Amino acid sequence: MVYEVPASKASVDQNVFTFKIPGDRRTHKVPKLRFIKPSLMREMDAQANRIDRVYALLEHYVPGVVDKFESLDQLEALYENWAKESGVSVGESSASSES
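Following this line, the structure appears as structure tokens:
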């Protein structure tokens, strides 16, 4: 018997983290951390620090959005809330949160 891998639910609204940046009227969407593509998460785990990881993830899902942040505090606050909404501790990868 062959196991069929279920379809990804990354695009389902409840599995998406939405955010707005001051001065930008658009609402941006990224998948919650547990729905990030495994190949991309593997690349992120190889990044030296959290800011590099967050930058790379945002650039992948919303190209150019990082340039709209005015301070590192904003980027860190976004990541903390993204992780919280994803059910992942800050600094923890999605793979380790399920073990």
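So in the numbering used here, the last one in the sequence shown is 1476, and the numbering has no gaps at all. C-beta: ideal position from N, C-alpha, C; glycine also. These figures come from a predicted structure and were not determined experimentally.
Local conformation of residue i per DSSP, three classes
i: P1408; result: strand
i: V1482; result: Past the edges of the chain, shown from 1378 to 1476, lies residue 1482, and the structure says nothing about it.
i: K1461; result: helix
i: Y1380; result: coil
i: I1428; result: helix
i: V1399; result: At residue 1399 the sequence reads Pro, which differs from the Val that was named. Residue state, collapsed to three classes: coil.
i: S1416; result: helix
6 Å Cβ shell around residue i - same chain, five flanking residues per side excluded
i: V1439; result: H1405
i: F1446; result: L1452
i: K1397; result: T1404
Cβ-based burial, residue i [other Cβ within 10 Å; buried from 16]
i: L1449; result: exposed
i: R1402; result: exposed
i: S1463; result: buried
i: Y1456; result: buried
i: P1408; result: buried
i: F1394; result: buried
Beta bridge counterpart(s) of residue i as assigned by DSSP
i: V1393; result: P1408
Spatial neighbours of residue i in its chain, beta-carbon cut-off 7 Å, leaving aside the 5 residues before and after
i: H1437; result: L1417
i: E1381; result: none
Beta-carbon proximity list for residue i, same chain, < 8 Å, skipping 5 on both sides
i: E1386; result: First, the residue type needs correcting, since residue 1386 is Lys and not Glu in the sequence shown. Counting only Cβ-Cβ distances below 8 Å, and skipping sequence neighbours, we find N1392 and F1412.
i: S1388; result: P1408
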